[in-house]
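In our numbering, the protein residues as written are -9 to 135.
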Amino acid sequence: MSLNNSNTKEKELEKNILTLLEAEIRDNISKIMSQSITTGNIKFNFKDVLNSIDECEFRNFKLDNDGNYLLFYSLSTSQYDKFEHQLIKLNTTSAKTTIELYMQFKQWNKYKDNMFHMRVDEYGKFREVLLQKLNTCTVITKGIL
């Protein structure tokens, strides 16, 4: 009976932490989705950039020194920082997914002056985790139903 009670408390703790982090994640994703780059007359959002630049392309940008992409916004991790140790202890799939996402938010902040200063292996994980989240988001634009 106590094992079941402990399991229930753990699930409730996880639910509470994830609920608290939800607003911060939503705000960060909103900032990421508003990040764009304009080339000529074409405007690309950050999701388009990640979808079009794989690790091989990223490596070429770095080698050719063509890459310069500012990440204009700092992403918040203050709520996560308060609960990081508790999330790690939970050791559940949703906790691990949240930790991975926040690690990429921290990468964003670290390389916000130029995304192309990131190592290729860092970019691969950054791209994978952020695209996984961005591809599941629905963007609501004013004036469009």
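Glycine residues also receive a C-beta, built at the ideal position from the N, C-alpha and C atoms.
{"Asked": "Using 9 Å as the limit for Cβ to Cβ distance, is N6 near chain C?", "Found": "Among the protein chains of the structure shown there is no chain C, as only one such chain exists."}
{"Asked": "Residues in its own chain within less than 8 Å of L124 by CB, not counting five upstream and five downstream?", "Found": "I19, I22, M23, F36, K37 and L40"}
{"Asked": "Could you tell me whether the Cβ atoms of E73 and W98 are closer together than 9 Å?", "Found": "The question names Glu, but residue 73 is Phe in the sequence shown. No, the pair does not count as a contact, with Cβ atoms beyond the cut-off."}
{"Asked": "Compute the Euclidean distance between the alpha carbons of N(-5) and D111, then round it to the nearest angstrom.", "Found": "42 Å"}
{"Asked": "Quick one: any contact between the stretch 42 to 50 and the stretch -4 to 15, if contact means 3 or more CB pairs under 8 Å?", "Found": "no"}
{"Asked": "Given a threshold of 16 other Cβ atoms within 10 Å of its Cβ, counted over all protein chains shown, does K132 qualify as buried or as exposed?", "Found": "Any reading at K132 needs caution, since the residue's pLDDT is 46, under 50, leaving its predicted position unreliable; the model's value is listed next. Result: exposed."}
{"Asked": "Give the DSSP bridge partners of K33, in chain order.", "Found": "T28"}
{"Asked": "Applying the criterion that 16 or more other CB atoms from any shown protein chain within 10 Å of the CB defines a buried residue, is I7 buried or exposed?", "Found": "buried"}
{"Asked": "Quick check on DSSP: helix, strand or coil for L10?", "Found": "helix"}
{"Asked": "Go ahead and pull the three-state DSSP assignment for T82.", "Found": "coil"}
{"Asked": "Going by beta carbon distance, what residues of the same chain come within less than 6 Å of H107, once the five residues before and after it are set aside?", "Found": "Y101"}
{"Asked": "When the Cα atoms are used, what is the spatial distance from I32 to S26?", "Found": "10 Å"}
{"Asked": "Helix, strand or coil for D44? Go by DSSP, reduced to three states.", "Found": "coil"}
{"Asked": "Please classify E136 as buried or exposed, where buried requires at least 16 other C-beta atoms within 10 Å of its C-beta.", "Found": "With the chain covering -9 to 135 only, the question about residue 136 has no answer from this structure."}
{"Asked": "CB T67 to CB E12, shorter than 9 Å?", "Found": "no"}
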